[in-house]
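Asks: Below are the structure tokens for one structure; questions will follow.
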Amino acid sequence: MNIKQTFAIVFFAVALPFFFYSCSKDDDEIVTTPTEEEEEEDPVVITESVYTWIESEMRENYYWYSEIPAASSLNYKLGVLDFFDSLLSSKDGKHNDSSDYFYSYIESTSDVSASTKSISQTDYSYGFEFQIYNMVDQNDNPLGYSYAHILYVVPNSPASEAGIKRGMWITKIDGKNITESNYTTLLGSTATKFTMATFETDKRFVAAGDINISSARAIEDDPVHYHTIITDEKSGKKIGYLVYNHFTDSKTDGDEKYNKELLALSKEFAGVDEFVLDLRYNGGGLITCAQLLSTILAPSSALNQTFCNMTFNDKQSPRTYNLSYAKSLISTGTNLNLSKLYVLVSNRTASASELVINALRPYMGDANVILIGEQTEGKNVGSETFENTTYKWEMHPITCQIYNSKGESDFYVNGFTPKYQVAEIDHLDKIFDFGNTDEIMLSTAISIINGTYSATKASTRSTTTQLRRGKSSLERKATNGVVVDGIRQTAKQ
1 MNIKQTFAIV FFAVALPFFF YSCSKDDDEI VTTPTEEEEE EDPVVITESV YTWIESEMRE
61 NYYWYSEIPA ASSLNYKLGV LDFFDSLLSS KDGKHNDSSD YFYSYIESTS DVSASTKSIS
121 QTDYSYGFEF QIYNMVDQND NPLGYSYAHI LYVVPNSPAS EAGIKRGMWI TKIDGKNITE
181 SNYTTLLGST ATKFTMATFE TDKRFVAAGD INISSARAIE DDPVHYHTII TDEKSGKKIG
241 YLVYNHFTDS KTDGDEKYNK ELLALSKEFA GVDEFVLDLR YNGGGLITCA QLLSTILAPS
301 SALNQTFCNM TFNDKQSPRT YNLSYAKSLI STGTNLNLSK LYVLVSNRTA SASELVINAL
361 RPYMGDANVI LIGEQTEGKN VGSETFENTT YKWEMHPITC QIYNSKGESD FYVNGFTPKY
421 QVAEIDHLDK IFDFGNTDEI MLSTAISIIN GTYSATKAST RSTTTQLRRG KSSLERKATN
481 GVVVDGIRQT AKQ
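Put into structure tokens, the structure is as follows:
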């Protein structure tokens with residue numbers, strides 16, 4: 001069997017992937033029981049060797065391998081997805097009253113264009129990210145329709161060309177209410193018409209007419225979405241502000257385009273008095289991008305010191321690998337030597353974003369990594385990619401836990417709780433363009449910096465309409481990271 005293993009450390013956010021199965025006639029064949037994802041497809045034939053490969057790699061590399069059931073207890077006639085899930089530990093992912101999902105996953109690589117976890121940062125879409133809000137009555141009963149709130153718009157996209165902006169609302173798609181059955185159209189489809197609205201404190205939702213948008217197309221979503229330097233009138237301080245939406249190094253493997261952009265920006269930010277890092281829509285990505293960003297932001301005393309440690313299962317030798325704030329990483333950029341960092345976060349902030357927070361705390365001091373927003377996801381683990389090129393399957397099991405230089409990790413398994421708690425849903429009339437100093441999250445950070453912050457003012461809700469947060473396009477976006485090959489192999493060289 002031609003099996004290729006590609007090792008990579010990458011952090012994961014949860015999505016709802018579509019899987020496409022391949023088959024081979026080289027081995028004995030078994031007919032599997034279709035999973036829910038397969039119900040609308042023809043019966044799938046999968047070779048027994050696929051199961052052997054999955055089980056073997058998992059027993060060797062899975063972080064919680066000791067909790068995999070004995071072979072005699074496994075059902076090798078399950079569909080591949082269900083078989084993979086049957087190997088997973090309850091420690092993998094989130095399993096509680098409000099959430100139930102694993103971090104580890106497996107997907108077919110037979111149709112890369114169909115995969116929602118494609119490693120490419122060229123996204124086929126309209127070019128905007130959104131949050132669905134389900135409408136409910138005063139008794140919290142669903143009204144059967146939803147509105148989509150625009151979180152950000154990618155430049156040079158159908159959305160930007162149509163005049164769609166951050167903070168706008170889509171209330172209908174081609175004249176029809178947004179529901180559970182059609183909201184995925186917003187991810188990208190044919191040319192259509194959106195009915196728009198704005199939200200104002202006194203008038204609630206106000207109709208804003210219709211917008212015609214062209215067909216979805218290939219869109220490049222640069223993680224360095226927005227940056228500026230703000231001069232605060234009250235304090236006179238220069239405040240660096242960066243919106244960084246996913247930890248990705250390049251558009252295509254090897255060109256380091258986005259990392260080079262970060263390095264160039266570091267020079268522009270040199271000399272700022274304070275820094276606000278906006279990670280509220282960042283669900284994670286590459287550990288090496290987190291390492292680079294942190295090296296730019298860290299105090300100079302942290303350079304060449306430990307950034308993080310990755311601990312693998314006890315079958316691995318060595319078991320622990322180290323990444324540092326290597327000064328060589330920023331040879332074409334600069335270190336900002338920050339003693340304090342303000343980080344804007346939300347419930348969508350996860351994994352590599354949380355690593356930046358955790359890794360900087362030992363060097364800045366816990367109190368000087370100041371979080372503003374909502375409780376984060378809580379992902380302190382990493383995953384590697386294992387690919388079977390013969391049968392076109394790729395799996396991404398959790399294989400390590402990530403610690404900062406002080407050995408801290410477990411304490412944020414349920415997420416970081418911000419000192420300054422601000423939720424966008426409570427201030428929907430203040431969701432403006434990035435960089436607007438009246439925007440709720442940025443204005444909160446600035447008020448803390450200049451000493452005018454009022455807890456009472458920040459906690460005052462401006463939203464009166466009954467809304468409940470639903471699905472978000474960010475669930476899909478957060479999984480589109482490019483994996484990093486050879487972390488362990490490089491360390492051994």
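Counting in full-length UniProt numbering, the final residue of the sequence shown is number 493, and the numbers go up one at a time with none missing.
Glycine residues also receive a C-beta, built at the ideal position from the N, C-alpha and C atoms.
#1: Excluding the five sequence neighbours on either side, which residues of its own chain have a C-beta within less than 8 Å of the C-beta of Phe175, listed in chain order?
#2: Just confirm the distance between the C-beta atoms of Ile357 and Ala445, as a whole number of angstroms; I'd bet it's less than 8 Å.
#3: Would the stretch 336-350 count as touching the stretch 309-322 if we require 3 or more Cβ pairs under 8 Å?
#4: Between which two residues does the beta strand (DSSP E) carrying Glu394 extend?
#5: According to DSSP, is Thr295 helix, strand or coil?
#6: According to DSSP, Tyr126 sits in a beta bridge with which residue or residues?
#7: Which two residues bound the contiguous alpha helix (DSSP H) that contains Ile54?
#8: My output table needs one value for Ala191: the three-state DSSP class, helix, strand or coil.
#9: Where does Thr440 fall in DSSP's three states?
#10: What is the rounded straight-line gap between the Cα of Tyr342 and the Cα of Ile230?
#11: Could you have a look at Ala367 and say whether DSSP puts it in helix, strand or coil?
#12: Going by beta-carbon coordinates alone, are Gly333 and Ser266 separated by less than 9 Å?
#13: Are the Cβ atoms of Lys327 and Met364 separated by less than 9 Å?
#14: Do you know offhand how far Lys392's Cα is from Phe386's?
#15: Taking buried to mean at least 16 other C-beta atoms within 10 Å of its own C-beta, is Asp92 buried or exposed?
#16: Note down the Cα distance separating Ser473 from Arg280, rounded to an integer number of angstroms.
#17: Looking at Phe199: is its Cβ nearer than 9 Å to the Cβ of Leu344?
#18: Round the Cβ separation of Pro188 and Tyr124 to the nearest angstrom and send it over; I've been treating them as touching at under 8 Å.
#19: Report, in whole angstroms, the separation of the C-beta atoms of Tyr152 and Arg166, which I expect to be a contact under 8 Å.
#20: Please name the residue, chosen from Ala197, Ile211, Asn212, that lies closest to Phe205 on a Cα-to-Cα basis.
#21: Using the beta-carbon count (16 or more within 10 Å), is residue 494 buried or exposed?
#22: If we count Cβ pairs, one from each stretch, closer than 8 Å, do we get three or more for the stretch 241-252 versus the stretch 286-299?
#23: If we ignore side chains and look at the alpha-carbon of each, how far apart do Thr306 and Asp140 end up?
#24: What do you get for Lys471, buried or exposed, if any count of 16 or more other CB atoms within 10 angstroms of its CB means buried?
#25: Relative to the C-alpha of Tyr62, which candidate in Thr399, Ile370, Leu467 has its C-alpha closest?
#26: Spell out a yes or no on whether the stretch 405-416 and the stretch 63-80 are touching, meaning 3 or more CB-CB pairs, one atom from each, closer than 8 Å.
#27: Can you tell me whether DSSP reads Phe269 as helix, strand or coil?
#28: Asn282 to Tyr76, Cα distance in whole Å?
#29: Go ahead and pull the three-state DSSP assignment for Ser346.
#30: How big is the Cα-Cα spacing for Asp232 and Phe434?
#31: With a Cβ-Cβ cutoff of 9 Å, do Tyr412 and Asn380 count as a contact?
#32: Compare the Cα-Cα distances from Val276 to each of Trp169, Leu336, Arg319, Asn322 and report the closest residue.
#33: Using DSSP bridges, identify the partner residues of Trp169.
#34: Using the rule of at least 16 other Cβ atoms within 10 Å of the residue's Cβ for burial, across every protein chain shown, is Tyr101 buried or exposed?
Replies: For this structure:
#1: The residue you asked about is not Phe; residue 175 is Gly in the sequence shown. Only Lys193, Thr195 meet the Cβ criterion.
#2: 15 Å between Cβ atoms; not a contact.
#3: no
#4: Residues 393-396.
#5: helix
#6: According to DSSP, which records beta bridges pairwise, Tyr126 is partnered with nothing at all.
#7: 48-61
#8: Residue state, collapsed to three classes: coil.
#9: According to the sequence provided, residue 440 is Ile. The question's Thr does not apply to it. Helix, per DSSP.
#10: 14 Å
#11: helix
#12: Yes, they are a contact pair.
#13: Remark: C-beta atoms of Lys327 and Met364 do not approach each other more closely than 9 Å.
#14: Cα to Cα, Lys392 sits roughly 11 Å from Phe386.
#15: buried
#16: 14 Å
#17: no
#18: The identity of residue 188 in the sequence shown is Gly, whereas the question assumes Pro. Right, their Cβ atoms sit about 6 Å apart.
#19: Their Cβ separation, rounded to whole angstroms, is 5 Å, which keeps Tyr152 and Arg166 in contact under 8 Å.
#20: Ala197
#21: Nothing can be reported for residue 494: it is not among the residues displayed for the chain, which extend from 1 to 493.
#22: yes
#23: 49 Å
#24: buried
#25: Thr399
#26: no
#27: helix
#28: 37 Å
#29: coil
#30: 16 Å
#31: yes
#32: Leu336
#33: His149, Ala197
#34: Tyr101 comes out exposed.
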